[in-house]
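*Asks:* Quick one: the structure is below, and I'll ask about it shortly.
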Amino acid sequence: MTCNASSLARCATALSLGLGLAGLAAAQTTAPVVAAPYYSAEQAMQGVYTHHLPPLAREFQAQAERLVTTTAQHCQGQAPLPALRAQWQQTLVSWEALSTPAVGPLVARRSQRQIDFWPTRPELLRRSMDKAPATLADMERVGTPAKGFPALELLINQWSESRKPPPATACRYAELVAEGIAAEARALHNELGEWATREWEDEPEVTTAALAEWVNQWLAGLERLRWAHIEKPITSHQTTGSAAKGAPVPFARLDRDSNLRDWRAQWQSLLAQGRLPAGAQPPAAGQALVPMEALLMGRGQLALAQQWGQALDQVSAGMGALTPRASERELLALTKSMKAVTVLFQKEVAAALDVPLGFSDADGD
């Protein structure tokens, strides 16, 4: 079964409820696992939608608005290209923090597909610019492979290579791409604001399905990072002959620094929802995000919670040790530790949380 935001009530009939990254340079020290209060599905969803996601949505909107401003300033000769690239990176990081994993409105709106579809198709991008769209309404007729973060990054790279001021048509197109990202950010901020005030105890079936969606999408987010972002590009590079030709690995972002920032942002978000911060006690019910580690502890699964924390720490250690020039061997070692988390999640964690797994691809990959 696939549970997503558009089918919560339908999924509910078949479903039942029974850390920030402490430092990217080193793994957390695993602390002794202590008892925790039992958390209901309502309290778990309050943690996600009332306490965790709203500030991330505000930050994404703020960064997206700055991206619009910086793009316009660059096109007017008032901001250098490195400043635009830096703002693009900051906006991307805030996007990954919000959208990993994709739940609720992010799934219903298919936000991933709308503003972060990759790879960009250069020929489609060129044809789209030739049509000279003038408004966001015009951009609705542009295919997703020519919009969003990847398209703007490609334009920035092209401008950097040409060392000339960008043409007016390309600049206007870039401004519209940035405005499209900001429009999606505003919509998500508004919709998540509505979810933040939801009375979960009044909708038990919807709440049960929302919990199942969160758990399933956490796993989908981990696999997206492990496979789609890291392992698949390396595997493709090695098996298609691209490596022998000296071509770069086709990661989602066009430079290794941006890829590493992206991967770390995704992992930070997954970790925050999976693991208590180092030395932190389980939160009071209904007062903060309840990571999955705390949910396990609240169900008396202390040994599993400790094993879970250790598995996450292995990934944190590997992620913290990476540099932008990390070798394929180092990256594949990291994905191996991620796969161990996936296996533990599938075999024990989901069952301990009393949530059936049904992988969801509704996040728009």
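Per this note's numbering, the sequence shown starts with residue 5, numbered consecutively.
Built from N, CA and C at the ideal position, the CB exists for glycine as well.
Fair warning: this is a prediction, and the values are worked out from it, not measured in the lab.
1. Within a Cβ cutoff of 7 Å, which residues of the same chain sit near P149, ignoring the five residues on either side of it in sequence?
2. Pairing CB atoms from the stretch 179 to 199 with CB atoms from the stretch 52 to 72, are three or more of them under 8 Å?
3. Could you say which of G184, S164 and Q162 lies nearest to G147 if we only look at CA atoms?
4. Nearest by alpha-carbon distance to R117: which of M133, W312 and P154 is it?
5. Report the residue from D206, T139, G245 and S164 whose alpha carbon sits nearest the alpha carbon of V181.
6. Based on Cα-Cα distance, which residue from A355, A292 and E332 lies nearest to L308?
7. Return the chain-ordered list of same chain residues with a C-beta closer than 6 Å to the C-beta of A269, the five sequence neighbours on each side being excluded.
8. At 4 residues or longer, what runs of the alpha helix (DSSP H) sit wholly inside the stretch 75 to 133?
9. Please classify R279: is it buried, with 16 or more other beta-carbons within 10 angstroms of its beta-carbon, or exposed?
10. Can you find the residues in the same chain that come closer than 8 Å, C-beta to C-beta, to T327, ignoring five residues on each side of it along the sequence?
11. Is the closest heavy atom of the ligand COA to the C-beta of Q314 under 8 Å?
12. Is the separation between the beta-carbon of G225 and that of T104 shorter than 9 Å?
13. Is the CB-CB distance between H193 and A344 below 9 Å?
14. Please report the distance separating the alpha-carbon of L361 from that of E332.
15. If contact is defined by three or more beta carbon pairs under 8 Å, each pair taking one atom from either stretch, is the stretch 76 to 91 in contact with the stretch 109 to 116?
16. Among residues of its own chain, excluding the 5 on either side of A76, which ones have a beta-carbon nearer than 7 Å to its beta-carbon?
17. In chain order, which alpha helix (DSSP H) runs of at least 4 residues are fully inside the stretch 205 to 288?
18. Using CA atoms only, rank isn't needed, just tell me which of W218, A256 and A251 is closest to K236.
19. Between T212, E157, D317 and G304, which lies nearest to S262 when the distance is taken from Cα to Cα?
20. Using the three-state DSSP reduction, which class does S166 fall into: helix, strand or coil?
21. Taking only the alpha-carbon atoms, compute the straight-line gap between S166 and R329 and give it to the nearest angstrom.
22. Would DSSP call L361 helix, strand or coil?
23. Could you work out which residue in N220, G324 and A282 is closest to W271 when comparing CA atoms only?
24. Need the endpoints of the alpha helix (DSSP H) that Y42 sits in, please.
25. Could you check which residue in A337, V319 and V294 has the C-alpha nearest to that of P41?
26. Answer yes if the stretch 42 to 55 comes into contact with the stretch 194 to 209, meaning at least three C-beta pairs across the two stretches below 8 Å, and no otherwise.
27. What is the DSSP secondary structure of Q291, counted as helix, strand or coil?
28. Does the Cβ of L357 have 16 or more other Cβ atoms within 10 Å, making it buried, or fewer, making it exposed?
29. Let's test the definition: count the other Cβ atoms within 10 Å of the Cβ of R230 and tell me whether it reaches 16, buried, or not, exposed.
30. Could you check the C-alpha separation between P287 and M301 for me, to the nearest Å?
31. Cβ atoms of T173 and D134: under 9 Å apart, would you say?
*Replies:* In this structure, then:
1. Once the five neighbours on either side are set aside, the close Cβ partners of P149 are F121, T124, R125 and L128.
2. With the cut-off at 8 Å, the stretch 179 to 199 and the stretch 52 to 72 touch.
3. Considering only G184, S164 and Q162, the residue with the shortest C-alpha distance to G147 is G184.
4. Closest by alpha carbon: P154.
5. For the residues D206, T139, G245 and S164, the minimum Cα distance to V181 belongs to T139.
6. Of all alpha-carbon atoms in A355, A292 and E332, the one lying nearest the alpha-carbon of L308 is that of A355.
7. Residues V97, E100 and A101 of the same chain have their beta carbon placed closer than 6 Å to that of A269, with the five preceding and five following residues left out of the count.
8. For the stretch 75 to 133, whole alpha helix (DSSP H) runs of length 4 or above, ordered along the chain, are 85 to 103, 109 to 112 and 115 to 119.
9. With 16 or more other Cβ atoms within 10 Å, it is buried.
10. L264, listed in sequence order.
11. What this structure holds is no ligand at all, so the ligand COA is not there to describe.
12. Yes. Within cutoff.
13. The Cβ atoms of H193 and A344 lie no closer than 9 Å to each other.
14. If I take the Cα positions, the gap works out to 31 Å.
15. Taking 8 Å as the limit for Cβ pairs, the verdict is that the stretch 76 to 91 does not touch the stretch 109 to 116.
16. Only E179 meet the Cβ criterion.
17. For the stretch 205 to 288, whole alpha helix (DSSP H) runs of length 4 or above, ordered along the chain, are 208 to 227, 236 to 243 and 260 to 278.
18. Considering only W218, A256 and A251, the residue with the shortest C-alpha distance to K236 is A256.
19. Nearest to S262 by alpha-carbon distance, out of T212, E157, D317 and G304, is E157.
20. If DSSP states are grouped into helix, strand and coil, S166 belongs with the helices.
21. Taking the Cα positions, S166 is about 25 Å away from R329.
22. In the displayed model, L361 falls within coil according to three-state DSSP, outside both helix and strand.
23. Of the candidates N220, G324 and A282, the one whose C-alpha sits nearest the C-alpha of W271 is G324.
24. That residue, Y42, is in no alpha helix (DSSP H); it is neither H nor E in DSSP.
25. Out of A337, V319 and V294, the CA that lies nearest to the CA of P41 is found in V294.
26. Judged by Cβ distances under 8 Å, the stretch 194 to 209 makes contact with the stretch 42 to 55, as three or more pairs qualify.
27. Here Q291 sits in coil by DSSP.
28. Around the C-beta of L357, 16 or more other C-beta atoms lie within 10 Å, and the residue is accordingly described as buried.
29. So R230 counts as buried.
30. Spanning the two alpha carbons is a distance of roughly 11 Å.
31. The beta carbons of D134 and T173 sit closer together than 9 Å.
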